[in-house]
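Numbering (our numbering), first residue to last: 1002 to 1310.
Backbone N, C-alpha and C fix where the C-beta goes; we use that ideal spot for every residue, glycine too.
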Amino acid sequence: LVWTLRQSPYHDIDTPDTEVDTDIPRLRAGGVGAQFWTLLVPPGPPRADSCAQAVCETLEQIDAARALMRRYSESLCLALTADDMADARNRGRIASFLGPVPGSTLTGSLGALRAFHALGVRLLAPAGAPWADEGLTAFGHEVVKEANRLAILLDLAGCPPAAACQLVAASKAPVIISNTGAASLNPHPGNATDEVLLALRAGGGLAMVTFDTDRTGDSLHAVADHVEHVRALAGPEGVGLGAAFGSEHGSPRPAGLTDPSGYPRLIAELLERGWSETEVALLSWGNAQRVLREAEFTARAAQYKGAAP
């Protein structure tokens, strides 16, 4: 959403007539209480200064996201912790976490990661980073260790299966996949394999099912099938929802789930399939809050032991 709005800065997300598939009224209609504001940069032609350009674009994304929160402060608020997430809901706000940022911005620099953290970033995406994609390098292990110390969640969306499993094993904190489907139901390269889902379960991680026709099917029922498969492998505490709304109109979405107002329809479908209210509460809120709290606990433990930047 941040990237899309930067391209069209005159959008008003407080009204339901924007040219993107999400806005505050539809977030409210869907009962959304928290969201990740992705700071990933769309790929462009190769450049000699591509790393520096990625850092610059990411900083501009952070600035734009924080400006949006200030502009719509009655509805949105920056969240840094699990407590912030709960407090926002209690105050009638939508908790907004900054990230993920692209791991490619960290080439050779843990200082960049610490700087992003100071600006409020709480998720990092290793996909596409030279220190992660073909196996964790020595620097990659340092990135994971520092992310754990800072309570920055690793978001494995887009990572190859082998790299994803290696990252799960290397991280002392739970990791997430912020938008995915089940590869065994649809072998899309962006969907998580059963091996990855089982690794997430073992590591206490979270796989968040997306609403994307290419990845999770063209109907609400198909998306529910992916949710149930992910739950079966990652566990009841390892499944969440990560629809990845915020793109321009025309992006393929399943019928009934074309914008955030469709969330209650998916919940109703799962209840009809026999899910309990407790299981739905974990899916829609509790599991994400658990992962955040466990990441914060891991960070405090590392800091207590004297892990220095």
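Problem set entry | Cross-strand partners of residue 1107 (DSSP beta bridge) | Answer by DSSP bridge pairing: none, since residue 1107 is not bridged.
For this session: Within the same chain, show all residues whose beta-carbon is closer than 7 Å to that of residue 1028, passing over the 5 residues directly before and after it, in chain order.
Result: 1095, 1261
Exercise. Considering only the beta carbon of each residue, do residue 1169 and residue 1204 sit closer than 8 Å?
Worked result: yes
Problem set entry | residue 1104 classed as buried or exposed, judged by whether at least 16 other C-beta atoms fall within 10 angstroms | buried
For this session: Using the Cα positions of residue 1049 and residue 1055, report the straight-line distance between them to the nearest angstrom.
Result: Only weak support is given to the placement of residue 1049: the predicted model assigns it a pLDDT of 49, under 50, and the value that follows is read from those uncertain coordinates. Going from the Cα of residue 1049 to the Cα of residue 1055 covers about 12 Å.
Problem set entry | CA-to-CA distance, residue 1284 to residue 1137, given in whole angstroms | 30 Å
Exercise. Which of helix, strand or coil does DSSP assign to residue 1271?
Worked result: helix
For this session: Just confirm the distance between the C-beta atoms of residue 1202 and residue 1234, as a whole number of angstroms; I'd bet it's less than 8 Å.
Result: 7 Å
Problem set entry | Spatially closest choice to residue 1286 from 1031, 1082, 1244, 1035, by CA coordinates | 1035
Exercise. Out of curiosity, what's the CA-to-CA distance linking residue 1297 and residue 1152?
Worked result: 5 Å
Exercise. Which ranges would you report for the beta strand (DSSP E) in the region 1199-1230 if only whole runs of at least 3 residues count?
Worked result: 1207-1210
Problem set entry | Cβ neighbour criterion (16 or more within 10 Å) applied to residue 1057 | exposed
Problem set entry | CA-to-CA distance, residue 1191 to residue 1160, given in whole angstroms | 8 Å
For this session: Answer yes if the region 1121-1130 comes into contact with the region 1274-1283, meaning at least three C-beta pairs across the two stretches below 8 Å, and no otherwise.
Result: no
For this session: Could you work out which residue in 1070, 1074, 1041, 1068 is closest to residue 1059 when comparing CA atoms only?
Result: 1041
Exercise. Taking only runs of the alpha helix (DSSP H) that begin and end inside the region 1052-1100, which ones reach a length of at least 4 residues, in chain order?
Worked result: 1083-1091
Exercise. Mapping DSSP to helix, strand and coil, what is residue 1117?
Worked result: helix
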